[in-house]
Amino acid sequence: MSDEQFEKLRQELRRGILVLAVLGSLRKPHYGYSLRKQLQDEGLDIDEGTLYPLVRRLADQGLLTSEWQLGEGRERRYYQLSPEGAGLLESLSAEWLQLNNHVSKILEAGNGAD
157 MSDEQFEKLR QELRRGILVL AVLGSLRKPH YGYSLRKQLQ DEGLDIDEGT LYPLVRRLAD
217 QGLLTSEWQL GEGRERRYYQ LSPEGAGLLE SLSAEWLQLN NHVSKILEAG NGAD
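Everything in the sequence shown is counted per the working numbering, starting at 157 for the first residue and increasing by one.
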């Protein structure tokens with residue numbers, strides 16, 4: 157497998173996980189840079205070109221609320237989960253835990269050639 161093929165599959169795997177991670181991080185208010193830094197601190201490196209469109213899309217879908225606040229001498233748009241977003245996060249978290257459990261069992265079983 158080429159590096160390019162691997163990177164494409166890796167990005168595909170991360171895409172859905174990033175939605176869940178962003179929703180989970182936005183249980184508390186963040187502006188773009190602080191959200192990106194928190195995700196990086198937790199081990200999820202995400203490009204600005206990926207994060208900002210994702211946050212805007214989630215806000216457009218009504219899953220996030222936003223408000224401008226003055227911070228460190230300039231206005232910043234802070235995002236936080238809306239009630240609808242909190243409900244979705246709860247559902248997606250349960251789904252993620254279940255999927256993760258199933259995939260872990262598959263991976264632990266090896267190739268299944270018994």
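Glycine residues also receive a C-beta, built at the ideal position from the N, C-alpha and C atoms.
Among the options, which has the Cα closest to the Cα of residue i?
i    : options          : result
Q196 : E264, L174, M157 : L174
E223 : R233, L214, L237 : R233
K184 : E168, D159, L220 : L220
Would you mind reading off the limits of the alpha helix (DSSP H) that contains residue i?
i    : result
S260 : 239-264
So with Cβ pairs under 8 Å, would you call residue i a contact of chain B?
i    : result
L182 : No chain B is part of this structure, which consists of one protein chain only.
Indicate the three-state DSSP secondary structure (helix, strand or coil) for residue i in the structure shown.
i    : result
E198 : coil
G188 : helix
L169 : helix
L220 : strand
L182 : coil
D159 : helix
What do you get for residue i, buried or exposed, if any count of 16 or more other CB atoms within 10 angstroms of its CB means buried?
i    : result
Y189 : exposed
A177 : buried
H258 : exposed
G241 : buried
To which residues does DSSP link residue i through a beta bridge?
i    : result
R232 : Q225
L210 : According to DSSP, which records beta bridges pairwise, L210 is partnered with nothing at all.
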